[in-house]
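These notes are about the structure you will find just below.
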Amino acid sequence: MNSEVVDMLTKIQFDVFYLLYKRGYVSQREISEALDVSLGTVNKVLRYLKENGLLTEKCCLTDKGKKELDRYKVDNAIILAAGMSTRFVPISYEFPKGLTVVKGEVLIERQIRQLQEAGVEEVIVVVGHMLEKFLYLKEKFNVKLVVNKEYKVKNTHSSVYAAKDYLKSTYICCSDNYYPNNLFNSHEYRSNYCAQFLKGFSRTERGLICDKQDLIIDTAKPCRDMWTMQGHAFLSRDFSDVFTHILEDYYDKPGTKDMYWEGIYAENLDKLKMYIVKCAPEDILEFDSVENLRDFDPGYLEHNDLTVIQNICKTLKTVPKEIKDIVPIQAGLTNNSFAFTVRGGRYVYRNPGKNTIGYINRKKEKFALETAKSLGIDNSYLYEDENEGWKISYYINVTEPFDFTNEVHIEKLCDHLKALHNSQIRCGTAFEFFDEADMLIERLKILDYTATDELSSLRERIKKLNEQNKKDAWPSVLCHNDIYEPNLLVSADSLYIIDWEYAGDSDKGYDISKLFTSNNAPLDAVDGYLSAYFGRLPTKEEKLHIMRCATVNYYYWFVWSIFQDRSGNDCSDWKLLWFEKMNKYYDETFRLSEGK
Numbered sequence: 004m005n006s007e008v009v010d011m012l013t014k015i016q017f018d019v020f021y022l023l024y025k026r027g028y029v030s031q032r033e034i035s036e037a038l039d040v041s042l043g044t045v046n047k048v049l050r051y052l053k054e055n056g057l058l059t060e061k062c063c064l065t066d067k068g069k070k071e072l073d074r075y076k077v078d079n080a081i082i083l084a085a086g087m088s089t090r091f092v093p094i095s096y097e098f099p100k101g102l103t104v105v106k107g108e109v110l111i112e113r114q115i116r117q118l119q120e121a122g123v124e125e126v127i128v129v130v131g132h133m134l135e136k137f138l139y140l141k142e143k144f145n146v147k148l149v150v151n152k153e154y155k156v157k158n159t160h161s162s163v164y165a166a167k168d169y170l171k172s173t174y175i176c177c178s179d180n181y182y183p184n185n186l187f188n189s190h191e192y193r194s195n196y197c198a199q200f201l202k203g204f205s206r207t208e209r210g211l212i213c214d215k216q217d218l219i220i221d222t223a224k225p226c227r228d229m230w231t232m233q234g235h236a237f238l239s240r241d242f243s244d245v246f247t248h249i250l251e252d253y254y255d256k257p258g259t260k261d262m263y264w265e266g267i268y269a270e271n272l273d274k275l276k277m278y279i280v281k282c283a284p285e286d287i288l289e290f291d292s293v294e295n296l297r298d299f300d301p302g303y304l305e306h307n308d309l310t311v312i313q314n315i316c317k318t319l320k321t322v323p324k325e326i327k328d329i330v331p332i333q334a335g336l337t338n339n340s341f342a343f344t345v346r347g348g349r350y351v352y353r354n355p356g357k358n359t360i361g362y363i364n365r366k367k368e369k370f371a372l373e374t375a376k377s378l379g380i381d382n383s384y385l386y387e388d389e390n391e392g393w394k395i396s397y398y399i400n401v402t403e404p405f406d407f408t409n410e411v412h413i414e415k416l417c418d419h420l421k422a423l424h425n426s427q428i429r430c431g432t433a434f435e436f437f438d439e440a441d442m443l444i445e446r447l448k449i450l451d452y453t454a455t456d457e458l459s460s461l462r463e464r465i466k467k468l469n470e471q472n473k474k475d476a477w478p479s480v481l482c483h484n485d486i487y488e489p490n491l492l493v494s495a496d497s498l499y500i501i502d503w504e505y506a507g508d509s510d511k512g513y514d515i516s517k518l519f520t521s522n523n524a525p526l527d528a529v530d531g532y533l534s535a536y537f538g539r540l541p542t543k544e545e546k547l548h549i550m551r552c553a554t555v556n557y558y559y560w561f562v563w564s565i566f567q568d569r570s571g572n573d574c575s576d577w578k579l580l581w582f583e584k585m586n587k588y589y590d591e592t593f594r595l596s597e598g599k
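In structure tokens, the structure reads:
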């Protein structure tokens, strides 16, 4: 029966064979306990392997056995590390999540070591966000780096696509998984995905439905009380060949940009056979937030030496271990913020957006913040570094959203604006919306000179309105210049106007116009909003002036949104909204000027 060709091993035959390869001589009882099978099954498998010339009588692999095992050799591993991990603040401000230090080891380094120690020598790391931070891995571990150029606009399927030429007998891993024990192997029998049991309901995890042989026959997302995909997957050569063709077919189809690679697999189960590998909760760890990481590694803040944490410690005179309950704040179009607790006090840390460098004057912003606090307009302010732009504020417990149709809210907002405008305080730096738009256009020319062509005729129209307003000679006073709902916090009976990045000495008509433009109020309601500010009906000249301000204001934000788009921040929805508002108030300005 010792023929040259051996049929494909069964799963249990492979498991016994691979165990002997890894450990050398192992007793039948030890094999039985390790694989949780009967002694009779072990005896039968060993007899088959010996009769087919794969094992010697002493259970050592023969040359034929080693050649047979090579059929199951893992060729390589692809580690996905291109994502931005925006929920993992503040670590994600300074380096990618995969480079987080956990209990003294960098996550991705630990995983690379485990793969190489298991016998997987070729490791490919797919990078994108902050890719320069990963370059050292090439020299330190001899890995290959592949760049995913579309990581900002597409999900994980784009990273697998970027590395598709390496798909063979391949592990697909995530750079931010932590394995307390090494789960990788030098050989794998069949395509599989690790899974852990989820108790309760989840909208984000993908549940697995399997047959009695552990073949995945369906998936469920959302899911409840199911085994869910966690950790790494292994793709056999046959699986990779089929999946590569499917991935190429999906890649440019509409509606696929947000897909995980697992989602594409799930839609093609009939063509792709994959089996579940059930793992215990402690086998694979994934840290969804820094507070989740704290539970596993209480000293993570000290280990990662973050500038953000140093700033907090310096300002609040504290130590890293006292910084707790870190939660990202999903607000703002360019900056990143998170809330945190120190010794029972709740605070907010604002990390400045990189694209704000060059058009946000932080010295001016700090002056405005200090002025607003002195006037009782923004008591949340604590400290800003005018050189680096980071800021710490007291956390405001918002009791209700600001509502531009709420008369009480409008009254309080008008009181704050009048206190600011009538304070006689100047910051000494002008913020002229039309001039600021011109500055952005000059920067835009560097990013994409064709983007400014469409603005030339529009700019000339807006320029005329701006010149007419200049002739009105309204005084330049300290203004906020960015009044809209996210910057207006209502807490019980108090109103806080926050975020003073665009503050400067300006025409107060810009602030006043936001009373009716922020919520796109009907034009027949404008007089009511202006009366709330002036304490009387506005004159025709005042109304016309403020309507021009509204038009120039939204011209600026329209240009700003184009600049952000070309800088890599998707502002498509805002761009359309601001363009429509600009045209609305331009038309109303023309109607008023014609006396209609």
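Residue numbers for the sequence shown follow our numbering, beginning at 4 and rising by one. Backbone N, C-alpha and C fix where the C-beta goes; we use that ideal spot for every residue, glycine too. None of the values given here were measured: they were computed from a predicted structure.
Buried or exposed for Thr159, please, with buried defined as at least 16 other CB atoms from any protein chain shown within 10 angstroms of its CB.
Its Cβ being crowded by 16 or more others within 10 Å, Thr159 is buried.
Buried or exposed for Tyr139, going by 16 or more other Cβ atoms inside 10 Å?
Label assigned to Tyr139: exposed.
Could you name the residues of the same chain whose beta carbon sits closer than 7 Å to that of Leu526, not counting the 5 residues immediately before and after it, in chain order?
Excluding residues within five positions, the ones whose Cβ falls inside 7 Å are Glu591.
What residue from Cys213, Lys67, Asn188, Val77 has the CA that sits closest to Ala121's CA?
Closest option to Ala121, Cα to Cα, is Asn188.
Should Leu540 be labelled buried (16 or more other beta-carbon atoms within 10 Å of its own) or exposed?
So Leu540 ends up on the exposed side.
Assuming Tyr75 contacts Glu191 (C-beta within less than 8 Å), just tell me the rounded distance between them.
Correct: roughly 6 Å between the Cβ atoms.
Any beta-carbon of chain B closer than 8 Å to the one on Leu450?
Although the question refers to chain B, the structure presented lacks it and comprises just one protein chain.
Quick check: the Cα distance between Gly431 and Gly507, rounded to an integer number of angstroms?
When rounded, the distance between both Cα atoms is 8 Å.
Going by DSSP, what residue range makes up the beta strand (DSSP E) through Ile428?
Neither: Ile428 is in no beta strand (DSSP E) and is coded neither H nor E.
Which runs of the alpha helix (DSSP H), 4 residues or longer, sit entirely within the region 12-91?
With a minimum length of 4 residues, the continuous alpha helix (DSSP H) runs that stay inside the region 12-91 are 14-26, 31-38, 42-54, 66-72.
For Glu131, which residues of its own chain have a beta-carbon under 6 Å away from its beta-carbon, when the five flanking residues on both sides are left out?
Before going further, note that residue 131 is Gly rather than Glu in the sequence given. If we look at Gly131 and ignore the five residues flanking it on each side, its Cβ neighbours are Ala85, Asn151, Tyr154.
Should Ala433 and Tyr558 be called a contact, given that it needs their Cβ atoms to be closer than 8 Å?
Contact: no.
Let me make sure I understand the geometry here. Which of Val311, Glu544, Ile444, Ser426 has the alpha-carbon closest to that of Glu597?
The shortest C-alpha separation from Glu597 is found at Glu544.
Quick check: the Cα distance between Pro225 and Phe17, rounded to an integer number of angstroms?
Using only the alpha carbons, I get a separation of about 35 Å.
Span of the beta strand (DSSP E) holding Ser340?
339-345 is the span of the beta strand (DSSP E), which, as asked, contains Ser340.
In or out: Gln333 buried (at least 16 other Cβ within 10 Å) or exposed?
Gln333 is exposed by the Cβ-count criterion.
If we call anything under 8 Å between Cβ atoms a contact, is Asp241 one with Gly203?
Not in contact: Asp241 and Gly203 (Cβ atoms no closer than 8 Å).
Which residue's Cα is closest to the Cα of Gly101: Asp78, Cys176, Tyr505?
Answer by Cα proximity: Cys176.
Under a three-way DSSP split, which group does Gln333 fall into?
Three-state DSSP puts Gln333 in coil, outside helix and strand.
Roughly how many angstroms separate the alpha carbons of Arg206 and Gly266, rounded to a whole number?
Going by the C-alpha atoms only, they are around 14 Å apart.
In whole angstroms, give me the CA-to-CA distance for Asn271 and Tyr196.
Cα to Cα, the separation comes out at about 15 Å.
Are the CB atoms of Tyr350 and Ile395 within a distance shorter than 8 Å?
Yes, the pair counts as a contact, with Cβ atoms nearer than the cut-off.
Of the residues Pro301, Leu416, Asn354, Cys417, which one's Cα is nearest the Cα of Tyr386?
The candidate whose alpha carbon is nearest that of Tyr386 is Asn354.
Between the alpha carbons of Thr222 and Lys517, how many angstroms are there, rounded?
Roughly 49 Å between the two C-alpha positions.
What are the start and end residues of the beta strand (DSSP E) that includes Trp230?
Here the beta strand (DSSP E) through Trp230 covers 226-238.
By DSSP, does Cys177 sit in helix, in strand, or in coil?
Strand at Cys177.
Starting from the N-terminal side, write out each stretch of the beta strand (DSSP E) that is 3 residues or longer and does not extend beyond the region 353-437.
Whole beta strand (DSSP E) segments, 3+ residues: 384-387, 394-397.
Go through its chain and collect everything with a Cβ distance to Ser194's Cβ below 7 Å, but skip five positions before and after it.
So the qualifying residues of the chain are Phe237, Leu238, Ser239, Phe242, Lys276, Met277, Tyr278.
Kindly examine the ligand ZN and report whether one of its heavy atoms sits closer than 7 Å to the Cβ of Asp273.
This structure lacks the ligand ZN; in fact it carries no ligand of any kind.
Pull up the distance between the alpha-carbon of Ser570 and that of Thr337, whole angstroms please.
Distance between the alpha carbons of Ser570 and Thr337: 11 Å.
Exposed or buried, Glu435, counting other C-beta atoms within 10 Å across all chains shown (16 or more means buried)?
Looking at its Cβ environment, which holds 16 or more other Cβ atoms inside 10 Å, Glu435 is buried.
If you pair each beta-carbon of the region 95-111 with each one of the region 289-309, do three or more pairs fall below 8 Å?
Yes: the two stretches touch, three or more of their Cβ pairs being nearer than 8 Å.
Suppose only complete runs of 4+ residues qualify. What are the alpha helix (DSSP H) ranges in the region 258-311, listed by chain order?
Listed in chain order, the complete alpha helix (DSSP H) runs (minimum 4 residues) inside the region 258-311 are 264-269, 293-299, 303-307.
Between the Cα of Phe91 and those of Phe341, Gly347, His248, Arg346, spot the shortest distance and give me the residue it belongs to.
Of the candidates Phe341, Gly347, His248, Arg346, the one whose C-alpha sits nearest the C-alpha of Phe91 is Phe341.
Determine whether the beta carbon atoms of Val555 and Leu468 lie at a separation below 8 Å.
Yes. Within cutoff.
Note the first and the last residue of the continuous alpha helix (DSSP H) segment covering Phe519.
Taken as a continuous stretch (DSSP letters only), the alpha helix (DSSP H) holding Phe519 covers 512-520.
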